[in-house]
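Just add 8 to the spot in the sequence shown (first one is 1) and you have full-length UniProt numbering. A virtual CB, placed ideally from N, CA and C, is assigned to each residue, including glycine. Being a predicted model, the structure only gives us computed values, none of them experimental.
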Amino acid sequence: FNRRDGALVVAHIVFAFVALLLGGIAGLLQSVVRGGMYTLPGGIGYYQLLTAHGVLMALVFTTYFIIGFLYSGVSKTMGGELLPLTHRLGWAGFVLMSLGTLIDVVMILLNKASVLYTFYAPLKASPYFYIGLALVVVGSWLSGFGIFYHYMYWKKTHRGKLSPLFGFMAVCTMLLWQIATIGVAVEVLVQLIPWSFGWTEKINVMLSRTLFWYFGHPLVYFWLLPAYICWYVIIPKIIGGKIFSDALARMSFILLLLFSIPVGFHHQLTEPGISPLWKFIQVVLTFMVVVPSLMTAFSLFASFESAGRAKGARGLFGWVKLLPWKDVRFFAPFMGMLVFIPAGAGGIVNASNQMNVVVHNTLWVTGHFHLTVATSVALTFFGITYWLIPAVTNRLLTPRINRLGIIQTVIWCVGMLFMSGAMHTVGLLGSPRRTAYTTYGDHPDAVLWMPYYAAMAIGGIILFIALALMIYNVVALLRAPKGYTEYPIGEAAEPEEATPRYLERWKVWIALTVVLILFAYTIPVMDMFGHASTQSPGYVTW
Ligand code: HAS
């Protein structure tokens, strides 16, 4: 692997894991606080911890890991090295994002930004927190431009050729990100910064929440798509098989680009100020975005089965035995896939208008995203780490680290079973999310929730042990003996010609995405202006 590019990739991955460790400490503390087992010392607030946990794990860990991973794959599959401009943009993005992250962490530690990772109004943070966020977004745009530039150059120099699947998917992921972050950039620059500096007295809360969720939902697919890259492109190689269909894989990414943005209202189904018609339309679009995930499930099963049958597997499920269960590069992402089945089903529950009323703002939702992002996505990223770090640093994934990786995956799943299982159940019993430990004056309903909180805390402790082991593994990988580790890229089962070229007509896909966004948002957003009741002076959290 190109050494110069390897340094850029490793910088992102190491930063990601440092954020994960710090966020994990906050997570551990808050699970024991919520379980009533521990009281925070020195005036540290529950919401302060919750903000640190969400920002560091859900926003910082993911974004750094994803950009590092995408840059590695672009370098590997599109020419063997990054173009000088792409490389420079990658580093510029890294520096800007890191500056922003540093400012944000300081603000959170000073308790001047306990506004949770969703940071919409009316909770108000220090303006510097929002400035930090803006730097992170602009930095990530630079990194995205680097990938676009590299891809366009590749297309120009390979006229008529289909781009490598990894490169195509990297472009799609960053395109989704660029379009989605426009919403949050507008919210931060036009609404939050002027308001937190005191230049404007009041803020339009509905608009702030809407702009956030315009970004917030595609954000979860920005986390998911790189995991899908691993499932579609990397895993077939690791299991000794082929990518079931290059065309299907590209089509599922395009569908995710089209349908993951105009659906933010499914986070706002209980909010007044948005007409039921537009909520209904966005719920329908939400069900459309489930389709590419079902296609992915189909394609994965097909890849697994074909690989097994090619090796002589018999019977309906004989191929299951032939999967490389002892290889952490497969096992960790596989557990992610397995968990994604109930996790996705939970998402469909959330998206169903009537059932959303039952689960909204309860711990069920917290349970849902600990299965999706904190298990399916996180375990896949861990699985990638085991070969990515050695591949880009020219080191070996030793049998010992592989073994520890399998143990790490199992502990993570056990911890999550306790934690997320308890969250889902107690959520159905009505326990609210985002509330400091409370028995509501020993109200009988709240007392019933106590054993579930204890299970959540036990899960949190087990998860922290798994996290500590993961950090140990990352350090071990960085210091592993020198040698060659493969960067696994799968090949399509069908010849390249089978993939229709219209899948790379980006102008058409971007135009359709914009049309869908305008359709889903124009009228409801116009409705949000002029409602005096949506203007709030805000709530300062410190
Ligand atoms: Fe979600 C809330 C709906 C997917 C993350 N979601 C959240 C929040 C987060 C989040 C962070 O409609 C909370 C935000 C907050 O703080 O308020 N979600 C969905 C739907 C899907 C979905 C319909 N969510 C995700 C993913 C996430 C994520 C992915 C992160 C990565 N979600 C919602 C809704 C809410 C919500 C509402 C708001 C709730 C409220 O009221 O606040 C779908 O995309 C899910 C589709 C998935 C599938 C599963 C396919 C299965 C596959 C695996 C195959 C396995 C194999 C292995 C092959 C249909 C691909 C098996 C092999 C063997 C041998 C057995």
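Contact under 8 Å by Cβ, residue i with residue j
i: GLY191; j: GLY147; result: no
i: TYR236; j: ILE269; result: no
i: ILE155; j: MET182; result: yes
i: PRO398; j: ALA454; result: no
i: GLY87; j: PHE174; result: no
i: VAL291; j: HIS274; result: yes
i: ARG317; j: TRP333; result: no
i: LEU124; j: THR59; result: yes
i: SER122; j: GLN38; result: no
i: THR388; j: PRO341; result: yes
i: ASN358; j: VAL367; result: yes
i: residue 3; j: LYS319; result: What the structure shows of the chain is the stretch from 9 to 550, and residue 3 is not part of that stretch, so it cannot be assessed.
i: ALA528; j: ILE289; result: yes
i: SER283; j: ASP450; result: no
i: GLY35; j: PHE69; result: no
i: THR521; j: LEU227; result: no
i: LEU150; j: LEU78; result: no
i: PHE325; j: ILE246; result: no
i: LEU91; j: HIS158; result: yes
beta-carbon residue i near the ligand HAS non-hydrogen atom, thresh 7 Å
i: MET296; result: no
i: ALA310; result: no
i: SER439; result: no
i: MET345; result: yes
i: HIS61; result: no
i: LEU219; result: no
i: VAL328; result: yes
i: TRP203; result: no
i: ILE356; result: yes
i: PHE377; result: yes
i: THR181; result: no
i: SER134; result: no
i: PHE102; result: no
i: ALA188; result: no
i: ASN364; result: yes
i: THR380; result: yes
i: ILE269; result: no
Residue i classed as buried or exposed, judged by whether at least 16 other C-beta atoms fall within 10 angstroms
i: SER311; result: buried
i: ALA506; result: exposed
i: VAL434; result: buried
i: PRO300; result: buried
i: MET160; result: exposed
i: ARG42; result: buried
i: PHE309; result: exposed
i: GLY168; result: exposed
i: MET115; result: buried
Near the ligand MN: residue i beta-carbon under 7 Å from a heavy atom
i: MET65; result: Judged by which ligands are present, the ligand MN is missing from the structure shown, whose ligands are the ligand HAS.
Next item on the list: Please go through the stretch 130 to 196 and give each complete beta strand (DSSP E) segment of 3 or more residues, from N-terminal end onward.
Entry: none
Note to self: Extract the residue ranges of the alpha helix (DSSP H) inside the stretch 435 to 460, only unbroken runs of 4 or more that lie entirely within it.
What the structure shows: none
Notebook entry, point to check: Counting pairs of Cβ atoms below 8 Å between the stretch 510 to 522 and the stretch 252 to 266, do you hit three or more?
Noted result: yes
Next item on the list: Say whether the stretch 342 to 351 touches the stretch 399 to 412, bearing in mind that this needs 3 or more beta-carbon pairs closer than 8 Å, one atom from each stretch.
Entry: no
Next item on the list: For the stretch 432 to 446 and the stretch 364 to 371, state whether three or more C-beta atom pairs, one from each stretch, are separated by less than 8 Å.
Entry: yes
Notebook entry, point to check: What are the complete alpha helix (DSSP H) segments, minimum 4 residues, inside the stretch 280 to 356?
Noted result: 284 to 318, 326 to 329
Margin query: Quick check for students: name the residue ranges of the alpha helix (DSSP H) that lie wholly in the stretch 225 to 278, counting only runs of 4 or more.
Written below: 243 to 246, 254 to 267
Item checked: the stretch 65 to 81 / the stretch 216 to 234 touching (three or more Cβ pairs under 8 Å) -> yes
Margin query: Would the stretch 407 to 416 count as touching the stretch 23 to 33 if we require 3 or more Cβ pairs under 8 Å?
Written below: no
Check: Are the stretch 213 to 220 and the stretch 278 to 288 touching by the rule of at least three beta carbon pairs closer than 8 Å?
Finding: yes
Next item on the list: Return the chain-ordered ranges of every alpha helix (DSSP H) run that is complete within the stretch 60 to 90 and spans a minimum of 4 residues.
Entry: 70 to 85
Next item on the list: Answer yes if the stretch 415 to 432 comes into contact with the stretch 379 to 399, meaning at least three C-beta pairs across the two stretches below 8 Å, and no otherwise.
Entry: yes
Check: Touching or not, the stretch 131 to 145 and the stretch 198 to 206, by the rule of three or more beta carbon pairs under 8 Å?
Finding: yes
Margin query: In chain order, what are the residue ranges of uninterrupted beta strand (DSSP E) at least 3 long that sit wholly in the stretch 514 to 549?
Written below: none
Note to self: So within the stretch 390 to 438, which uninterrupted alpha helix (DSSP H) runs reach at least 4 residues, ignoring any that extend past its ends?
What the structure shows: 407 to 436
Note to self: My parser needs the beta strand (DSSP E) runs of 3 or more residues fully inside the stretch 472 to 515; what are they?
What the structure shows: none
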